[in-house]
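Novice: The opening position of the sequence shown corresponds to residue 1286 in the numbering used here, with each subsequent residue numbered one higher.
Where a beta carbon is used, it is the ideal one built from N, C-alpha and C, also for glycine.
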Amino acid sequence: MAEITRVTLKRPDDWHVHFRDGVMLQTVVPATAREFARAIVMPNLVPPVTDIAAAEAYRQRILDAVPAGRTFTPLMTAYLTDQTSPETLREGAKRGVFSAVKLYPAGATTNSASGVTDIAKVMPVLEVMQEIGLPLLIHGEVTSPEIDIFDREAVFIERTLGPLLASLPALKVVLEHVTTKEAVDFVSAQDASGIGATITAHHLMINRTDLFKGGIRPHLYCLPIAKREVHRQALRRAAASGDRRFFLGTDTAPHAKHLKEAACGCAGVYSAPVAMPIYAQAFDEMGALDKLEAFASLNGPAFYGLAANTDTITLLRKPWTVPASIAVDGGSELVPFMAGETLNWQLA
Ligand code: NCD
Ligand code: ZN
Ligand code: ZN
């Protein structure tokens, strides 16, 4: 069979991004807007995006960073805290400001200190979200220090997510950035209309051994942390299955180089500049390029009740080398995922 050298698909969307704020927006928003039409924007700023006014102002700052001539729609999320009021979410959803609500267990990840300390405290809010069909996006890891970091997602599913879905069966939920076979199996067993899971590009490419290949690799450190190879294979099968519950979410999470290459380096992989080439490479390696459009462009909009995009992008099999680092206005640098390595695919 002739080698596939180009793939055209409906323009994809990224259902999980961190854009940060301030001067960083000028670098990271264009990188996402180049490939994607829309993105679910995570609210873990300092202070977090907890109300309508903050989300509207942040959306405008993002729009101001979109290069002239590009159309890009940021879809905003509310950061759930123990204090979030159901009225704020009702009103924010009604006004089209909030596309979803993000649940960070307090202490689970970057800027999650204001997150939820106990699911019981937000049950009234979750009941309202179930009623109005506002999706809950979950960073699914327990925070108990005695649970091994590699087990935190599986334990969260068992202790928290399973019981939550049992008590709120019609709540729309996305289990974000899944990293385990347990997560894939759990999501696959739920009713497809109510559950989704995002899969990052980097978790399709690396396993936990790669974190220590030849020495410690701070730019591959993210949360949830990459797991064993058997889990990466489960993620690859889920992504390439065409199953509508699984869709693209890069979790592109830029941190300045000096904050990654540090004694206590930040968690997050900056993947926006390489996202579609990496997904194409992973699907190509699986012989599943025909399933890329469902994963990248169709399943996410279907979950969120939105139409798929009408324009297209084309990826070409044409090797290129990822830059070693990218300068950010203000003097810092970002090291993208796969920095310095050669990728087989690029945007036409
Ligand atoms: C994210 C960040 O840096 O904001 N980091 C990460 O490792 N994924 C937060 C998150 O998505 O958990
Ligand atoms: Zn997360
Ligand atoms: Zn994230």
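Report buried or exposed for Glu1320, applying the criterion of at least 16 other Cβ atoms within 10 angstroms of its Cβ.
Specialist: By the 10 Å Cβ count, Glu1320 comes out buried.
Novice: Can you list the alpha helix (DSSP H) stretches of 4 or more residues lying completely in the stretch 1522–1601, in chain order?
Specialist: Segments of the alpha helix (DSSP H) lying fully in the stretch 1522–1601: 1542–1545, 1560–1570 and 1584–1589.
Novice: Would you decide whether Ser1452 is buried or exposed? Buried here means 16 or more other CB atoms lie within 10 Å of its CB.
Specialist: The residue is exposed, with fewer than 16 neighbouring Cβ atoms inside 10 Å.
Novice: Please list the segments of the alpha helix (DSSP H) lying wholly inside the stretch 1334–1369, counting only runs of 4 or more residues, in order along the chain.
Specialist: Counting only runs of 4 or more, we get 1337–1349.
Novice: How about the stretch 1572–1588 and the stretch 1294–1303: do they share at least three Cβ pairs that are nearer than 8 Å?
Specialist: Yes: at least three Cβ pairs fall under 8 Å.
Novice: Since Arg1346 and Asp1306 should fall inside the 8 Å C-beta cutoff, what is the C-beta to C-beta distance between them, to a whole number of angstroms?
Specialist: Yes, they are in contact, since the Cβ atoms of Arg1346 and Asp1306 sit about 7 Å apart, within 8 Å.
Novice: So Gln1631 is in the beta strand (DSSP E); what residue range does that whole segment cover?
Specialist: Residues Thr1627 to Leu1632.
Novice: Arg1375 by DSSP, collapsed to three states: which one?
Specialist: Looking at Arg1375 - three-state DSSP - the assignment turns out to be helix.
Novice: Where do the ends of the alpha helix (DSSP H) carrying Ala1405 lie?
Specialist: Residues Ile1404 to Ile1417.
Novice: Got a sec: does ligand 1 put a non-hydrogen atom nearer than 8 Å to the Cβ of Met1327?
Specialist: Yes, Cβ of Met1327 sits closer than 8 Å to a heavy atom of ligand 1.
Novice: In the DSSP output, what is Glu1438 paired with across the bridge?
Specialist: Answer by DSSP bridge pairing: none, since Glu1438 is not bridged.
Novice: Secondary structure at Ala1482, three-state DSSP: helix, strand or coil?
Specialist: DSSP places Ala1482 in strand when its eight states are reduced to three.
Novice: Spell out a yes or no on whether the stretch 1550–1566 and the stretch 1371–1386 are touching, meaning 3 or more CB-CB pairs, one atom from each, closer than 8 Å.
Specialist: With a cut-off of 8 Å, the stretch 1371–1386 and the stretch 1550–1566 do not count as touching, because too few Cβ pairs lie within range.
Novice: Checking 9 Å against the spacing of the C-beta atoms, do Pro1359 and Val1326 come in under that value?
Specialist: Cβ distance < 9 Å, so Pro1359 and Val1326 count as in contact.
Novice: To the nearest angstrom, how far is the alpha carbon of Asp1403 from that of Thr1373?
Specialist: Their backbone Cα atoms lie some 20 Å apart in a straight line.
Novice: Any contact between the stretch 1592–1599 and the stretch 1516–1523? By contact I mean 3 or more CB pairs, one from each, below 8 Å.
Specialist: In short, these stretches do not touch, since the Cβ pair count stays below three.
Novice: Look at the alpha carbon of Ala1557 and the alpha carbon of Ala1538, and state the distance between them as a whole number of angstroms.
Specialist: Approximately 8 Å, taken between the alpha carbons.
Novice: Within this structure, are the beta carbons of Phe1568 and Val1469 separated by less than 9 Å?
Specialist: Result no, Cβ atoms of Phe1568 and Val1469 do not sit closer than 9 Å.
Novice: With a threshold of 8 Å (Cβ to nearest heavy atom), would Glu1461 be considered close to ligand 1?
Specialist: At least one heavy atom of ligand 1 is nearer than 8 Å to the Cβ of Glu1461, so yes.
Novice: With DSSP as the reference, label His1424 as helix, strand or coil.
Specialist: Three-state DSSP puts His1424 in coil, outside helix and strand.
Novice: Between which two residues does the beta strand (DSSP E) harbouring Arg1275 extend?
Specialist: Here the chain covers residues 1286 to 1633 and nothing more, so residue 1275 does not appear.
Novice: Which one of Tyr1364, Leu1310 and Glu1416 has the shortest CA to CA distance from Asp1336?
Specialist: Of the listed residues, the one whose Cα sits closest to Asp1336 is Tyr1364.
Novice: Do you know how far the Cα of Ala1633 is from the Cα of Thr1290?
Specialist: The straight-line gap from Cα to Cα measures roughly 11 Å.
Novice: In chain order, what residues place their C-beta within less than 5 Å of a heavy atom belonging to ligand 2?
Specialist: The set, ordered by position in the chain, is Thr1394 and His1424.
Novice: Does the stretch 1596–1609 come close enough to the stretch 1477–1488 to have 3 or more Cβ pairs within less than 8 Å?
Specialist: Contact between the stretch 1596–1609 and the stretch 1477–1488 is absent, because fewer than three Cβ pairs lie under 8 Å.
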